[in-house]
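Going by my numbering, the sequence shown opens with residue 371, and the numbers climb by one from there.
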Amino acid sequence: MIQAVNRTQESYPVDQSQAAPFRNKSVQGLSEEEIKKIQKLKQRDREVRTHEQAHIAAGGRYVRGAARFEYERGPDGKLYAVGGEVSLDVSPVPNDPEATIEKMQVIKRAALAPAQPSAQDRLIAARADMEIQQARQELLSRKAQDAYTGYRFSGSSDGQTTLSIYA
């Protein structure tokens, strides 16, 4: 019994008499080493596309454009994705710390969405955390400023006291 491999790389056992119909014509004439290289490239292609799709799915409206891929040509002449990137809008929302916090939480989730985030993904998540902290500081500062009201008492020559309230 041998293992036949279909286009999605799932293995199905077949007996020798049935092996020929399952052969992919594009791999005929290739060495065993070249076939292994193609299998590795197909696996890497799936991993890269799944990784970038996770960013896109989690990034929602902050995704800017389609995923971009780096390709390698396999021994079969086909191109396989071996690297990729998704652009996200990571800028804070001007003059709105609450919206910035919400946005950066989405950015962080998008950065960490793949099963195995890259070092660059982790850097983006860390940057989002920093933006969240800055926005929280700004929000606390604004709330403290809004809550603070100064009072000024002053007397007059006629004996009346006035209260001035200012912010």
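Think of the CB as a built atom: it goes at the ideal place given N, C-alpha and C, for glycine as much as any other residue.
Option in the options with minimal Cα separation from residue i
{"i": "I477", "options": "Q504, D499, Q503 and P467", "result": "D499"}
{"i": "A485", "options": "A424, R414 and Q398", "result": "A424"}
{"i": "G411", "options": "K448, S401 and P464", "result": "The residue you asked about is not Gly; residue 411 is Leu in the sequence shown. Among K448, S401 and P464, the Cα nearest to that of L411 is on K448."}
{"i": "D466", "options": "K513, A481 and R416", "result": "K513"}
{"i": "E468", "options": "L509, D491, G430 and V433", "result": "L509"}
Continuous alpha helix (DSSP H) stretch holding residue i: start and end
{"i": "L411", "result": "E402 to G429"}
{"i": "H448", "result": "Reading the sequence as shown, one finds Lys at residue 448 and not His. Segment: none, K448 is in no alpha helix (DSSP H) and carries neither H nor E."}
{"i": "V476", "result": "P467 to A481"}
Sheet register partners of residue i (DSSP bridge)
{"i": "E455", "result": "R438"}
{"i": "V433", "result": "L458"}
{"i": "R497", "result": "According to DSSP, which records beta bridges pairwise, R497 is partnered with nothing at all."}
{"i": "R443", "result": "L449"}
For residue j and residue i, believed in contact at Cβ under 8 Å, the rounded distance
{"i": "E506", "j": "Y450", "result": "It should be pointed out that residue 506 corresponds to Arg in this sequence rather than to Glu. Their Cβ separation, rounded to whole angstroms, is 43 Å, which puts R506 and Y450 out of contact at 8 Å."}
{"i": "P487", "j": "A480", "result": "P487 to A480, Cβ: 10 Å. No contact."}
{"i": "E501", "j": "P462", "result": "5 Å"}
*asked:* Closer than 8 Å is the cut-off here; do at least three beta carbon pairs connect the region 465-473 with the region 420-428?
replied: no
Is it the case that the region 440-456 contacts the region 495-509, given that we only count it when at least three CB pairs across the two stretches are under 8 Å?
no
Contact between the region 446-457 and the region 426-433: three or more CB pairs below 8 Å?
yes
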